[in-house]
Amino acid sequence: FLKEDIERNALGSPALDEIILMLQPSYFFAAHLHAKFPAIVPHGDGKETKFLALSKPLPGQDFLQVIEIDNGKLAQQEATDAAMEVVRDLEWLTILRNPNAESLDESLVKETLDAIGGEGSLKVEKSGFVRTARTYDAASSIRGRRPMTLNENPQTSWLAKKLDLKMHTSSAHRNSGPGAASAQGGEGLDIQDEPNPEEIDIDLDDV
Numbered sequence: 001f002l003k004e005d006i007e008r009n010a011l012g013s014p015a016l017d018e019i020i021l022m023l024q025p026s027y028f029f030a031a032h033l034h035a036k037f038p039a040i041v042p043h044g045d046g047k048e049t050k051f052l053a054l055s056k057p058l059p060g061q062d063f064l065q066v067i068e069i070d071n072g073k074l075a076q077q078e079a080t081d082a083a084m085e086v087v088r089d090l091e092w093l094t095i096l097r098n099p100n101a102e103s104l105d106e107s108l109v110k111e112t113l114d115a116i117g118g119e120g121s122l123k124v125e126k127s128g129f130v131r132t133a134r135t136y137d138a139a140s141s142i143r144g145r146r147p148m149t150l151n152e153n154p155q156t157s158w159l160a161k162k163l164d165l166k167m168h169t170s171s172a173h174r175n176s177g178p179g180a181a182s183a184q185g186g187e188g189l190d191i192q193d194e195p196n197p198e199e200i201d202i203d204l205d206d207v
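According to full-length UniProt numbering, the sequence shown is numbered sequentially starting from 1.
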């Protein structure tokens, strides 16, 4: 599976390859590749990225792998992460706001910056990262079901409002009332059951 792509060095996303080469992370975990593919990407000066993609969660497939990470390196990385800031990309926001524009004109960029409230609004505050869905509960009897309500992400809602984007969701499935996720932890979610036709029963014998 995907053997020809691997032999032609055409497996994966060129855009993500650029990100790996630029950021040079210690680890990079890829989703949706539909095949297990480990690799080591050298960067020079002793730096390397351990890349791992896993297969789909199906019987007989390599969809799970346990990895041990050095605690010392993890603590150092956490300290680095704490000092980092998440900033929205102004050019990308302009593209989202003007999907039919033939070119990224400077006037469009300025209009987008004005629309979001200036350069200060490009920074994503840590308080903006909140849990919007119920966490996994092993004791719950509900499994293989799809939620009937939409728990809106505050960052997505902010972008839609500032960039004047339409949210293509049905108001009947939008969970913005008392049962919606709160900034304190997303409790009280109104989850209803609907059978999932794509559900696959996987027992330990299948792993």
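Even for Gly, the Cβ is constructed at its ideal location relative to N, Cα and C.
T156 counts as exposed, since fewer than 16 other C-beta atoms from the protein chains shown sit within 10 angstroms of its C-beta.
The three-state secondary structure of N151, taken from DSSP, is strand. Inter-residue distance for L2 and P25 is about 25 Å (C-alpha atoms, whole angstroms). Cβ contact annotation for L163 (same chain, cutoff 8 Å, sequence separation greater than five): L93, L96, R97, T112, A115 and I116, in chain order. A distance below 7 Å between beta-carbons, with the five flanking residues on each side excluded, links K36 to the following residues of its chain, in chain order: A53, L54, S55 and D62. G72 and P154 have their C-alpha atoms roughly 34 Å apart. The C-beta distance from V66 to F51 rounds to 17 Å, too long to fall under 8 Å, and the pair is not in contact. In this structure, Y27 is the residue among S140, Y27, G44 and L33 with its C-alpha nearest to the C-alpha of I69.
Between E85 and K123, the gap from beta carbon to beta carbon is short of 7 Å. Apart from the 5 residues on each side of it in sequence, H43 sits with its Cβ closer than 6 Å to the Cβ of Q24 in its chain, given in chain order. For the UniProt domain "Lariat debranching enzyme C-terminal" (41-169), the continuous alpha helix (DSSP H) assignments of 4+ residues that do not extend past its boundaries occur at 71-83, 90-97, 106-116 and 154-162, in sequence order.
Around L90, the same chain offers V109, T112, L113 and L122 as residues with beta carbons nearer than 7 Å, after the five sequence neighbours per side are excluded.
According to the DSSP assignment, A35 belongs to no alpha helix (DSSP H), since it is labelled neither H nor E. In this structure, K126 is the residue among K126, P57 and G60 with its C-alpha nearest to the C-alpha of A82. Boundaries of the beta strand (DSSP E) harbouring A30: Y27 to A30, taken from the DSSP string. With respect to I19, T49 sits apart: the two C-beta atoms are not nearer than 7 Å.
CA-to-CA, the gap between H32 and T80 works out to about 28 Å. Judged by DSSP secondary structure, A10 falls outside any alpha helix (DSSP H); it is assigned neither H nor E.
At a Cβ-Cβ threshold of 7 Å, N151 and T132 count as neighbours. Taking C-alpha positions only, G12 is separated from M22 by approximately 16 Å.
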